[in-house]
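According to my numbering, the sequence shown is numbered sequentially starting from 17. Single-structure report; data block below.
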Amino acid sequence: ASTSLLQRRLRIGYGRAAHLIDLMERDGIVGAADGPKPREVLKRPDWISEVEESMR
């Protein structure tokens, strides 16, 4: 995951994309920054469906 990926996919500016990355890091969705490399994605792609199911 990277700020530039979010900018391109969501068509948003750098500030908003950087804020989203910061929130995802805080919530344990992506790992910490490692220089110019993209961040490691820590959650499985289906984690959101598990969360939704547990809320029912």
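Note that CB positions come from ideal geometry on N, CA and C, so glycine has one too. These numbers were taken from a predicted model, which means no experiment stands behind them.
Residue i (DSSP reduced to helix, strand or coil)
i	result
D50	strand
D62	coil
S18	coil
R32	helix
R72	coil
R27	coil
According to DSSP, residues forming a beta bridge with residue i
i	result
V57	V46
Residue i, buried or exposed, once every other Cβ within 10 Å from all chains shown has been counted against 16
i	result
L21	exposed
Close Cβ partners of residue i (< 7 Å) along its chain, the five nearest in sequence each way excluded
i	result
L36	L22
Contacts around residue i, its chain only, beta-carbon distance under 6 Å, and the 5 residues preceding and following it disregarded
i	result
R27	none
Cβ-heavy atom distance, residue i to the ligand MG, below 7 Å
i	result
L21	In the structure on display, the ligand MG does not appear, and there are no ligands present to speak of.
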